[in-house]
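Undergrad:
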Amino acid sequence: MKNTRWPLYRGVTIDKIGSQDLDDGFSLVKEGEDYYLDVFVSMASVLARPDTRSNRRAYQYGFTRYYPNFIQHMLPTDLSENKLSLLYGKYRKVYRLSVHLDRWGEVKRYEVEPAVFRNEGQYSYKGVSKILEQPKHKHHALLRDALELATLLYRRRLDSGALALFDIKRGLTINEEGLMVRLSSEESHYGYLIVQEYMILTNYLMSRYFIEREIPCLFRNQRAKVIAPERASLLESIQSAAYDAQDSRIETFNQRMELVLETASYHPYLEGHFSLNLPSYMHISSPLRRYADLVNVQQLQAYLTNEPLPYTIDDLVRISQHLEEVYERYRAERRERQKEVERERTKQKLSTSSFGDLEGDAFFQVMQTAFEGGQVTEELIGEIERRLEQRMLIERDMLVLLWRAPNEERFNRIREQIVAELIGYPHRASSLFSLGKLMLKWPEPQLEIKTLEEHKPLRFRARARIEMWKRTFESDEFEFYSKKRARHMALLDLQIKMLKYRYALEIETHLPHTDADFHADLIGEANSKAMQADGGQTESINGVEIQMPEQDYAGILHQFCIMNHWPLPMYEIEMHGPPHQPVFYARGILTVRGKRLESDRMAGKRKQHAKHMAAKSLIDMINQMQFSDMGRPVLIHPVQQLVDYLQSKGIDRPPHFSYVRYMEGDKKGYMCTCSVFLTPDLIVNATEFGFSKNAARNNAAGSVLIKLYRYYDEIAGGEEE
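Read left to right, the sequence shown gives residues -9 to 711 (this note's numbering).
Structure representation (structure tokens):
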């Protein structure tokens, strides 16, 4: 299929092992600090023209479906896996997107042209990882530079505020819908990152190309709902869910995203893409697998070859509506298949009364089935109480327990416990109403929020009401400096009033109605106890005694978790008080060997101060725990702790420290070597970096102390044997 009229280019493809429907490839040249990237996408429209049977088939299917045992191709197999696929050694007609990027990943120039592509390297994601370890491979330099550029593009997207994640260690990523998904073992390689970033860049730049030339096309749009929180809050949620990486945490995150984000859709009119944080976006990089891409390629080929455009705006409106119907039918079929699988799994679990290993959706299905079928067992109630005690229940679980569990004394006690949980996390009440609307067909609660402009700074007064069970429920009024806090408290109060009526519950609640109430109720004695124990400086803000942290407790705890291979701690931070003089509250959460630790709610002058104090509270809890195989404290004063530990072992010789100035790029500081002489012939030492001499000394002393712990543990273990 070699064509002398179009220029010839060579490159490689990356896809799953065994994939034959290859519709994109690339080549890359690095000159100095600049990158010259070429992305090649199959010109599928040369054989799948708008007037062909192949196109009509593609229109009907909408996209290729990948099932466990077979593939249902959008285009005929002879086209998608042969004549149009960018197979190894074959010449194929493509469109070429040529992009010049600088050292920061910023696009300096790009152009598009029809071309011919020859695939000279057909690699899998895992195959790329192997080549990166083989410097003599013919494509080692190409893939090394490709990974470097892809990493640069990924970090640039993160800096721009995109809802992005690629965690190869945990096998997690964020898809275009803003949902967190697990990568398969085959995809958890850097080859996946290369393809992901190059295709996002391609789809974005091609959307700009169509806009600048006024070519009608199908854009891929996504908007946030009115109730969506600020982007910064969503980015923090991504990090929290990724740190924990448990199925339940990921499922909770995805449920939240589905509640606050519209489903991405095709439309010939431009609305932007919220998750990617791009002003324009389209699908055009996979014309063998998605009909929207094929339509856009058909439009592009006509434009590049000076032919009449095959589709008008009206045609594209019709196509976009059809595609949305196709996708919705597919989603409904998939949900039904999943429900059937879950029903069978639920029946099996209910019959065995084994619930401890269930996560996320599976446990939810078990509860729902048990409540609907009257199959509630003591084992199930015990598991619910255990998860409630360890705060493992997500909003969907809470909704079912609050409104679908039997109206019995034991479940009413569970309802009261859930209410107590919601009082500590009032934002979850908003999620319950959103889920109630979807799952229980509740009406939308009416929110009345007034801005009190006579107050400086501004305050917000909120009240919520809802029509349910042929009566009206109305919350109290809540007045806060934060509109979000006022709304959350009103919805929480509304939920409590509904529960009291429905189940005749006598729930005694004292919800804070103002910022002053909040400070009085929540600060309590937690901070004063911490201040007495730590002896740090204090400062009064808005009548709240604030303790100033003496050390980087959050950093100390972070390092300790890494050394012990624990999940990293998470922090929930809230701001209260007037904007010019706020008080921040932080609660730290850490899972240690299946046990959930939760700090007191700690106050701080700044977010970081509150976070440090919450971390210190967790450190105190860890140091009070007794581990059968590890009685090691968290290192807060490493040098002094090292000296004390040596003296406890009968070693009077103090540790020796030596320093070397360290400068490499932007990383400037000191390297410190700490040496301990256990005997004249036995030396334990460690070298660590720090931005100051003191930090380097603490890091080195901490590393030596951990080595000594392990050394004496091994001696003790040998003596026991």
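All C-beta atoms, glycine included, are put in the ideal place defined by N, C-alpha and C.
Computed from a predicted structure; not experimentally measured.
Could you tell me whether the segment 8 to 24 touches the segment 72 to 87, where touching means 3 or more Cβ pairs closer than 8 Å?
TA: yes
Undergrad: Consult DSSP for residue 542 and reduce its assignment to one of helix, strand or coil.
TA: Here residue 542 corresponds to residue number 552 of the sequence shown, with the count starting at 1. Three-state DSSP puts residue 542 in coil, outside helix and strand.
Undergrad: Alpha carbon to alpha carbon, how far is residue 653 from residue 218? Give it in angstroms, no decimals.
TA: Numbered from 1 along the sequence shown, position 228 holds the residue referred to as residue 218. Numbered from 1 along the sequence shown, position 663 holds the residue referred to as residue 653. One C-alpha to the other measures close to 44 Å.
Undergrad: Quick check on residue 475: buried or exposed, where buried means 16 or more other Cβ atoms within 10 Å of its Cβ?
TA: Against the sequence shown, residue 475 aligns to sequence position 485. Buried, since its Cβ has 16 or more Cβ neighbours within 10 Å.
Undergrad: Mind the definition here: the segment 41 to 53 touches the segment 97 to 113 only if three or more C-beta pairs lie below 8 Å; say whether that holds.
TA: Counting Cβ pairs under 8 Å, fewer than three are found: no touch.
Undergrad: Measuring alpha carbon to alpha carbon, tell me which residue in 87, 461, 472 and 500 is nearest residue 189.
TA: Mapped onto the sequence shown, residue 189 falls at position 199. Among 87, 461, 472 and 500, the Cα nearest to that of residue 189 is on 87.
Undergrad: Assess, as a yes-or-no matter, whether the segment 240 to 251 is touched by the segment 381 to 397 under the definition of 3 or more beta carbon pairs within less than 8 Å.
TA: With a cut-off of 8 Å, the segment 240 to 251 and the segment 381 to 397 count as touching, because enough Cβ pairs lie within range.
Undergrad: I'd like the span of the beta strand (DSSP E) that includes residue 597, first residue to last.
TA: Residue 597 sits at position 607 when you count from the first residue of the sequence shown. Careful: residue 597 lies outside any beta strand (DSSP E), inside the alpha helix (DSSP H) at 597 to 614.
Undergrad: If we ignore side chains and look at the alpha-carbon of each, how far apart do residue 170 and residue 484 end up?
TA: For the purposes of this step, residue 170 is taken as the residue at position 180 of the sequence shown. For the purposes of this step, residue 484 is taken as the residue at position 494 of the sequence shown. Computed Cα separation, rounded: 31 Å.
Undergrad: Three-state secondary structure (DSSP) at residue 421?
TA: Along the sequence shown, one-based indexing puts residue 421 at 431. Taken through DSSP and simplified to helix, strand or coil, residue 421 comes out as helix.
Undergrad: May I ask you to report which of helix, strand or coil DSSP gives residue 525?
TA: Sequence index remark: in the sequence shown, residue 525 carries index 535 (1-based). Residue placement at residue 525 cannot be trusted, given a pLDDT of 45 that sits under 50; the coordinates are not used to answer.
Undergrad: Would DSSP call residue 104 helix, strand or coil?
TA: As a working note, residue 104 is residue 114 in the sequence shown. In the structure shown, residue 104 sits in a strand (DSSP, three-state: E or B).
Undergrad: Please list the terminal residues of the continuous alpha helix (DSSP H) segment that includes residue 402.
TA: Mapped onto the sequence shown, residue 402 falls at position 412. Following the DSSP letters along the chain, one finds residue 402 inside the alpha helix (DSSP H) bounded by residues 399 to 414.
Undergrad: Please report how far the alpha carbon of residue 598 lies from the alpha carbon of residue 138, in whole angstroms.
TA: Here residue 598 refers to the residue found at position 608 of the sequence shown. Here residue 138 refers to the residue found at position 148 of the sequence shown. Spanning the two alpha carbons is a distance of roughly 32 Å.
Undergrad: Where DSSP assigns a beta bridge to residue 697, which residues make up the other side?
TA: Residue mapping note: residue 697 aligns to position 707 of the sequence shown, counting from 1. Note: residue 697 sits in no beta bridge, so no partner.
Undergrad: Is the CB of residue 56 under 9 Å away from at least one CB in chain D?
TA: No chain D appears in this structure, which consists of one protein chain only.
Undergrad: Along the chain, where does the beta strand (DSSP E) containing residue 436 start, and where does it finish?
TA: Reading the sequence shown from its first residue, position 446 is the one you call residue 436. Run containing residue 436: 436 to 442, per the beta strand (DSSP E) assignment.
Undergrad: Straight-line CA distance for residue 641 to residue 689?
TA: Here residue 641 refers to the residue found at position 651 of the sequence shown. Here residue 689 refers to the residue found at position 699 of the sequence shown. Between residue 641 and residue 689, the C-alpha separation is close to 21 Å.
Undergrad: Please determine, among 499, 357, 434 and 603, the residue with the shortest C-alpha to C-alpha distance to residue 413.
TA: Your numbering for residue 413 matches position 423 in the sequence shown. Considering only alpha carbons, the answer is 499.
Undergrad: Which residue wins for smallest C-alpha separation from residue 107, given the options -4, 430 and 635?
TA: Taking the first residue of the sequence shown as 1, we reach residue 107 at position 117. Here the closest residue by C-alpha is -4.
Undergrad: Which residues in the same chain have their Cβ closer than 8 Å to the Cβ of residue 458, if we skip the five residues on either side of it in sequence?
TA: As a position in the sequence shown, residue 458 is number 468, starting the count at 1. Once the five neighbours on either side are set aside, the close Cβ partners of residue 458 are 432, 433 and 488.
Undergrad: In chain order, what residues of the same chain have a beta carbon less than 8 Å from the beta carbon of residue 478, not counting five sequence neighbours either side?
TA: Counting from 1 along the sequence shown, the entry for residue 478 is found at position 488. Counting only Cβ-Cβ distances below 8 Å, and skipping sequence neighbours, we find 416, 417, 419 and 420.
Undergrad: Within a Cβ cutoff of 6 Å, which residues of the same chain sit near residue 767, ignoring the five residues on either side of it in sequence?
TA: No answer is possible for residue 767: it lies beyond the span of the chain, which begins at -9 and ends at 711.
Undergrad: Give the straight-line distance between the Cα atoms of residue 62 and residue 35, rounded to the nearest whole angstrom.
TA: In the sequence shown, the residue the question calls residue 62 occupies position 72. In the sequence shown, the residue the question calls residue 35 occupies position 45. Computed Cα separation, rounded: 20 Å.
Undergrad: Please report the straight-line C-alpha distance between residue 308 and residue 56, rounded to a whole angstrom.
TA: Along the sequence shown, read from residue 1 onward, the residue named residue 308 stands at position 318. Along the sequence shown, read from residue 1 onward, the residue named residue 56 stands at position 66. Cα to Cα, the separation comes out at about 26 Å.
Undergrad: Using 8 Å as the Cβ pair cut-off and three pairs as the minimum, do the segment 176 to 184 and the segment 210 to 227 touch?
TA: no
Undergrad: From residue 221 to residue 606, what distance separates their C-alpha atoms?
TA: As a first step, residue 221 is located in the sequence shown; it is residue number 231 there, counting from the start. As a first step, residue 606 is located in the sequence shown; it is residue number 616 there, counting from the start. If you take the alpha carbons of residue 221 and residue 606, they lie about 29 Å apart.
Undergrad: Could you tell me the alpha carbon to alpha carbon distance between residue 143 and residue 95, rounded to whole angstroms?
TA: For the purposes of this step, residue 143 is taken as the residue at position 153 of the sequence shown. For the purposes of this step, residue 95 is taken as the residue at position 105 of the sequence shown. Roughly 6 Å between the two C-alpha positions.
Undergrad: Per DSSP, residue 456 forms a beta bridge with which residues?
TA: For the purposes of this step, residue 456 is identified with residue 466 of the sequence shown, where counting begins at 1. DSSP, once it has assigned bridges, lists 463 as partnering residue 456.
Undergrad: Shorter than 8 Å, the distance from the beta carbon of residue 497 to the closest heavy atom of the ligand ZN, or not?
TA: As for the ligand ZN, it is missing from this structure, which has no ligand bound.
Undergrad: DSSP state of residue 563, grouped into three classes?
TA: Indexing the sequence shown from 1 puts residue 563 at position 573. Three-state DSSP puts residue 563 in a strand.
Undergrad: Look at the alpha carbon of residue 468 and the alpha carbon of residue 368, and state the distance between them as a whole number of angstroms.
TA: For the purposes of this step, residue 468 is taken as residue 478 along the sequence shown, with counting starting at 1. For the purposes of this step, residue 368 is taken as residue 378 along the sequence shown, with counting starting at 1. Residue 468 and residue 368: Cα-Cα distance of roughly 40 Å.
Undergrad: Going by Cα to Cα distance, which pick from 182, 150 and 145 is closest to residue 162?
TA: Residue mapping note: residue 162 aligns to position 172 of the sequence shown, counting from 1. The option with the nearest alpha carbon to residue 162 is 182.
Undergrad: Please determine if the segment 204 to 214 and the segment 107 to 122 are in contact, where contact requires at least 3 C-beta pairs separated by less than 8 Å.
TA: no
Undergrad: Could you give the DSSP three-state label for residue 95: helix, strand or coil?
TA: Locating residue 95 in the sequence shown gives position 105, where the first residue counts as 1. Correct three-state label for residue 95: coil.
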